[in-house]
Amino acid sequence: MHAPYIARPSTVSVIMLKVLLALLPAIAVSVWFYGIALLVQLSLASATALLAEAAMLRLRGVPVAPFLKDGSALLTAWLLALSMPALGAWWLIVVATLFAIVVGKQLYGGLGNNPFNPAMVGFAVAMVSFPAQMAHWGMPHGPLDSAAQLAWIFSRELPAGLSLDAISMATPLDYLKTQLLLGGSDIASLKQAPMFGHIAGVGSEWVALAYLGGGLFLLQQRVISYQAPLAMLAGLTALAVPLWLWQPAHYVDPLFHLVAGATLLAAFFIVTDPVSGPTSARGKLIFGFGVGLLIYVIRVFGGYPDAAAFAVLLMNIAVPLIDQLTRPPAFGKRKRTKKAGQHA
Amino acid sequence: MEANTDARPWRDIVHNGLWKQNAGVVQLLGLCPVLAVSTSVVNGVSLGLATTLVTTVSGAAVATFRHTIPNEIRNPVFIMLIAALVTCVDLAMNAWMHSLYLVLGIFIPLITTNCIVMARAEAYASRNTVPEAALDGLMMGLGLTGVLGILGGMRELIGRGTLFSGAELVLGDIGHALVLHVVPPAFNYQFLLALLPPGAFFGLALLIAGKNYLDARARKRASLPAATDNETVSA
Numbered sequence: 005m006h007a008p009y010i011a012r013p014s015t016v017s018v019i020m021l022k023v024l025l026a027l028l029p030a031i032a033v034s035v036w037f038y039g040i041a042l043l044v045q046l047s048l049a050s051a052t053a054l055l056a057e058a059a060m061l062r063l064r065g066v067p068v069a070p071f072l073k074d075g076s077a078l079l080t081a082w083l084l085a086l087s088m089p090a091l092g093a094w095w096l097i098v099v100a101t102l103f104a105i106v107v108g109k110q111l112y113g114g115l116g117n118n119p120f121n122p123a124m125v126g127f128a129v130a131m132v133s134f135p136a137q138m139a140h141w142g143m144p145h146g147p148l149d150s151a152a153q154l155a156w157i158f159s160r161e162l163p164a165g166l167s168l169d170a171i172s173m174a175t176p177l178d179y180l181k182t183q184l185l186l187g188g189s190d191i192a193s194l195k196q197a198p199m200f201g202h203i204a205g206v207g208s209e210w211v212a213l214a215y216l217g218g219g220l221f222l223l224q225q226r227v228i229s230y231q232a233p234l235a236m237l238a239g240l241t242a243l244a245v246p247l248w249l250w251q252p253a254h255y256v257d258p259l260f261h262l263v264a265g266a267t268l269l270a271a272f273f274i275v276t277d278p279v280s281g282p283t284s285a286r287g288k289l290i291f292g293f294g295v296g297l298l299i300y301v302i303r304v305f306g307g308y309p310d311a312a313a314f315a316v317l318l319m320n321i322a323v324p325l326i327d328q329l330t331r332p333p334a335f336g337k338r339k340r341t342k343k344a345g346q347h348a
Numbered sequence: 247m248e249a250n251t252d253a254r255p256w257r258d259i260v261h262n263g264l265w266k267q268n269a270g271v272v273q274l275l276g277l278c279p280v281l282a283v284s285t286s287v288v289n290g291v292s293l294g295l296a297t298t299l300v301t302t303v304s305g306a307a308v309a310t311f312r313h314t315i316p317n318e319i320r321n322p323v324f325i326m327l328i329a330a331l332v333t334c335v336d337l338a339m340n341a342w343m344h345s346l347y348l349v350l351g352i353f354i355p356l357i358t359t360n361c362i363v364m365a366r367a368e369a370y371a372s373r374n375t376v377p378e379a380a381l382d383g384l385m386m387g388l389g390l391t392g393v394l395g396i397l398g399g400m401r402e403l404i405g406r407g408t409l410f411s412g413a414e415l416v417l418g419d420i421g422h423a424l425v426l427h428v429v430p431p432a433f434n435y436q437f438l439l440a441l442l443p444p445g446a447f448f449g450l451a452l453l454i455a456g457k458n459y460l461d462a463r464a465r466k467r468a469s470l471p472a473a474t475d476n477e478t479v480s481a
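The listed protein sequences derive, respectively, from chains A and B. The first sequence lines up with residues 5 to 348 when you count with the numbering used here. The second sequence lines up with residues 247 to 481 when you count with the numbering used here.
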């Protein structure tokens with residue numbers, strides 16, 4: 005390219021639209037494996053998010069239409085719907101979305117002012133408040149047809165002869181955690197369980213691959229930068245590799261951690277959030293690395309099967325500090341050395 | 247006429263304690279019990295009333311001895327006075343409201359270290375007369391009780407769908423009749439977040455925001471009348 009070109013600055017809505025577009029492959033793969041339940045959750049979340057956003061904007065006395073059209077509420081809703089169990093009750097996603105938009109975003113002053121990632125706030129609220137409901141994950145090509153899925157989401161009614169155990173199953177992360185806690189056998193034999201696929205969860209590993217594809221598209225479009233995702237995956241690997249080499253029977257392989265659960269969703273769509281993440285490149289590296297480390301620590305040593313939401317929220321708290329410590333020097337000024345800093 | 251001018255400081259004390267200098271939502275003193283015990287109306291109000299008893303009597307006691315307590319060691323003396331009172335409350339609750347005593351647990355002895363008790367002793371009771379200090383303690387305590395009650399109500403209602411649960415701990419068997427199931431028990435309703443510590447922080451933040459909103463509205467109204475008077479005159 006040769007100068008001079010007039011750059012057209014990308015607006016918030018264009019960026020949000022591209023991120024939503026990047027989520028489409030993962031949604032398609034999910035629907036293929038798990039049925040239309042996810043689409044129901046997506047619509048419930050979107051409707052709730054837009055209504056809540058509009059109501060809060062009105063209450064705050066801010067123009068409603070331009071902010072509603074920027075698509076950020078929709079993105080929060082989609083990320084939330086994708087990270088919650090697709091077979092969850094209708095009120096679960098509604099409560100989580102309400103919390104994400106009203107408390108996580110608007111009470112802090114709306115888009116650009118929220119210190120925490122709204123979608124992860126909603127997820128954490130649901131996880132802490134309704135742990136039992138949040139454990140009902142569907143199985144790929146499960147026994148419920150579309151109508152039965154709708155009936156289950158809206159009225160918690162199952163077709164005759166089916167129990168809750170027959171339609172849902174533990175995620176691989178959940179299964180490994182409980183079995184290892186029970187003092188069960190080694191990883192290799194645990195991985196024979198039906199919920200494991202080639203690398204991670206059967207079905208869900210393909211969804212993860214679709215997230216990876218969407219993330220690479222966003223990188224190519226320069227909507228996100230590589231630092232935070234790369235550092236997050238590096239942080240996760242940095243803990244997973246040594247422990248796995250030390251005791252492969254007790255600590256699952258790093259590749260599993262990279263693909264399982266919400267790792268890739270978090271890496272490309274959550275830690276890249278420009279609002280709740282740090283601004284400088286070096287800050288993004290630190291932020292991502294911290295999230296990766298925390299995900300591993302909470303997954304393996306903590307009480308919850310997956311940890312992306314808690315890891316991101318914890319690192320969100322550190323963002324102001326990271327931003328302050330990694331502020332790049334102004335153009336033309338020399339980088340402050342320690343000595344100069346003391347004088348200043 | 248004289249009674250009117252005398253009533254002014256008393257009214258100020260009441261207004262300060264209940265609203266303007268409210269211990270829970272303005273001074274933010276004694277946050278530890280506010281956050282920890284406000285899981286239900288009954289818990290909150292019970293601990294609030296126990297604290298009120300201590301602030302009132304300790305206020306009066308500190309004011310009584312304010313001329314004899316050496317200035318250099320006043321704080322240790324205040325703490326001993328307060329601790330003695332709290333011990334009385336602790337023993338009394340243990341004797342007469344044992345089940346409630348078990349629920350509130352460590353937070354009854356901790357009234358001793360509650361900042362609001364110490365703060366009123368130091369800032370008010372040690373430099374005012376006995377009746378004023380007693381009234382100040384009473385109003386500060388009641389203000390805190392109000393916040394604890396409202397916060398407890400919010401958390402109980404959102405967290406469990408009930409109100410006044412645990413009333414039997416205070417009132418005996420009649421208390422069972424008082425428990426309000428806003429959400430029928432058959433629904434098995436529970437929203438854990440409201441009962442966990444985050445619920446206390448969110449609830450308190452909303453209460454503070456609510457108080458600031460009411461104050462701002464009152465200020466707006468107070469500045470308006472001049473304009474509205476003119477309008478009525480011109481009309």
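We put the beta carbon where it would ideally sit given N, CA and C, even for glycine.
Asked, Found
"In terms of DSSP beta bridges, what is residue 173 of chain A paired with?", "A:141"
"If we ignore side chains and look at the alpha-carbon of each, how far apart do residue 317 of chain B and residue 368 of chain B end up?", "11 Å"
"Taking the beta carbon of residue 345 of chain B as the centre, do at least 16 other beta carbons fall within 10 Å, making it buried, or is it exposed?", "exposed"
"Tell me which residues share the same chain as residue 16 of chain A and place their Cβ nearer than 8 Å to its Cβ, disregarding the 5 neighbours each side in the sequence.", "74, 75, 76 and 115"
"Taking contact to mean at least 3 C-beta pairs separated by less than 8 Å, is the segment 269 to 278 of chain B in contact with the segment 401 to 417 of chain B?", "no"
"Kindly indicate which residue of A:178, A:296, A:206 and A:269 has the alpha-carbon position closest to the one of residue 307 of chain A.", "A:178"
"Three-state secondary structure (DSSP) at residue 313 of chain B?", "coil"
"On the DSSP bridge assignment, give the partners of residue 205 of chain A in chain order.", "A:200"
"Quick check: residue 287 of chain B and residue 445 of chain B, are their CB atoms within less than 7 Å of each other?", "no"
"DSSP three-state label for residue 254 of chain A, please.", "coil"
"Could you compute how far the alpha carbon of residue 257 of chain B sits from the alpha carbon of residue 304 of chain B?", "21 Å"
"Whose C-beta lies closer than 6 Å to the C-beta of residue 26 of chain A among residues of the same chain, with five residues either side of it excluded?", "218, 221 and 222"
"Measuring only the C-alpha atoms, how far is residue 271 of chain A from residue 347 of chain B?", "49 Å"
"Taking 7 Å as the cut-off, decide whether the C-beta atoms of residue 263 of chain A and residue 203 of chain A are in contact.", "yes"
"By alpha-carbon positions, which one of A:305, A:329 and A:141 ends up nearest to residue 243 of chain A?", "A:305"
"Do you know offhand how far residue 149 of chain A's Cα is from residue 89 of chain A's?", "17 Å"
"On the DSSP bridge assignment, give the partners of residue 426 of chain B in chain order.", "B:409"
"According to DSSP, is residue 345 of chain B part of a helix, a strand, or is it coil?", "helix"
"Between A:300, A:284 and A:332, which has its C-alpha nearest residue 257 of chain A's C-alpha?", "A:300"
"Where residue 215 of chain A and residue 207 of chain A are concerned, what is the direct C-alpha to C-alpha distance, given to the nearest angstrom?", "13 Å"
"Determine whether the beta carbon atoms of residue 435 of chain B and residue 429 of chain B lie at a separation below 7 Å.", "yes"
"Between A:105, A:192 and A:37, which has its C-alpha nearest residue 51 of chain A's C-alpha?", "A:105"
"Where does the unbroken alpha helix (DSSP H) through residue 15 of chain A begin, and where does it stop?", "First-last for residue 15 of chain A: undefined, no H or E at that position."
"Report the residues of the segment 62 to 82 of chain A with a CB closer than 8 Å to any CB of chain B, ordered along the chain.", "none"
"Out of A:310, A:60 and A:245, which has the shortest C-alpha to C-alpha gap to residue 113 of chain A?", "A:60"
"Whole angstroms are fine: how far does the CA of residue 361 of chain B sit from the CA of residue 171 of chain A?", "54 Å"
"Just confirm the distance between the C-beta atoms of residue 269 of chain B and residue 389 of chain B, as a whole number of angstroms; I'd bet it's less than 8 Å.", "5 Å"
"Report buried or exposed for residue 191 of chain A, applying the criterion of at least 16 other Cβ atoms within 10 angstroms of its Cβ.", "buried"
"Identify the continuous alpha helix (DSSP H) that holds residue 127 of chain A and give its terminal residues.", "122 to 133"
"Report the residue from A:167, A:139 and A:138 whose alpha carbon sits nearest the alpha carbon of residue 152 of chain A.", "A:167"
"Closest Cβ-Cβ distance between residue 447 of chain B and chain A: below 7 Å?", "no"
"Please classify residue 231 of chain A as buried or exposed, where buried requires at least 16 other C-beta atoms within 10 Å of its C-beta.", "buried"
"Should the segment 448 to 459 of chain B be called in touch with the segment 285 to 301 of chain B, which here means at least 3 C-beta pairs below 8 Å?", "no"
"With residue 133 of chain A and residue 437 of chain B assumed to form a contact (beta carbons below 8 Å), what rounded beta-carbon distance in angstroms separates them?", "5 Å"
"For residue 276 of chain A, which of helix, strand or coil comes out of DSSP?", "coil"
"May I have the straight-line CA-CA distance separating residue 229 of chain A from residue 53 of chain A, to the nearest angstrom?", "27 Å"
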